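This report concerns only the one structure given below.
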Amino acid sequence: PQPAELEAPEEEQVEAPQEEGWDEVTLREILAELHRAVGAYLGGLRYLYNRALRKNPDLEGKFTVRMTVGPDGKIQEVEVVESTLGDPDLERALLARIRKWTLPAVADRPVTVTYPFVFFPSM
Numbered sequence: 066p067q068p069a070e071l072e073a074p075e076e077e078q079v080e081a082p083q084e085e086g087w088d089e090v091t092l093r094e095i096l097a098e099l100h101r102a103v104g105a106y107l108g109g110l111r112y113l114y115n116r117a118l119r120k121n122p123d124l125e126g127k128f129t130v131r132m133t134v135g136p137d138g139k140i141q142e143v144e145v146v147e148s149t150l151g152d153p154d155l156e157r158a159l160l161a162r163i164r165k166w167t168l169p170a171v172a173d174r175p176v177t178v179t180y181p182f183v184f185f186p187s188m
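Heads up, the sequence shown is in the working numbering, so the first residue is 66 and it goes up one at a time.
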């Protein structure tokens, strides 16, 4: 298996500021587009995890972030919601990498979504 996975975010984890006017279908489409785009960036997160894994072969866990994607697709804000990694250096590196992402411009206003990333050693 691959050492990092992106779990599908649960629908109730999608928060859209001023979401009036967005119906359920629109929210699903926005979430699906963001999920595909985030998946394309997993390689960078895997690289950081694999580098940390060389220092700690037992390193594994779940790293959940909440990020706000602006209308231009840039990450406006990102924060750790929960982490079981127990490696502050890796967590900082993951956040720094995520801050550099540019995702598709999927809405005319900011969209906040929560994503869990699961890291485990290859078997």
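Just so it is clear, CB atoms sit at the ideal spot from N, CA and C, and this is done for glycine as well. Just so it is clear, the structure is predicted and the values come from calculations on it, not from any experiment.
In the displayed model, T91 falls within a helix according to three-state DSSP.
At the C-beta level, V130 and V146 come within 8 Å of one another.
In its chain, beyond the 5 residues on either side, L113 have a beta carbon closer than 6 Å to the beta carbon of A158.
For G126, the enclosing beta strand (DSSP E) covers residues G126 to V134. For L160, the closest C-alpha among the options D173, P181, E89 and D123 is that of P181. E98 sits away from F184, with the two beta carbons spaced by 8 Å or more. Under the three-state reduction of DSSP output, K139 falls in the strand class.
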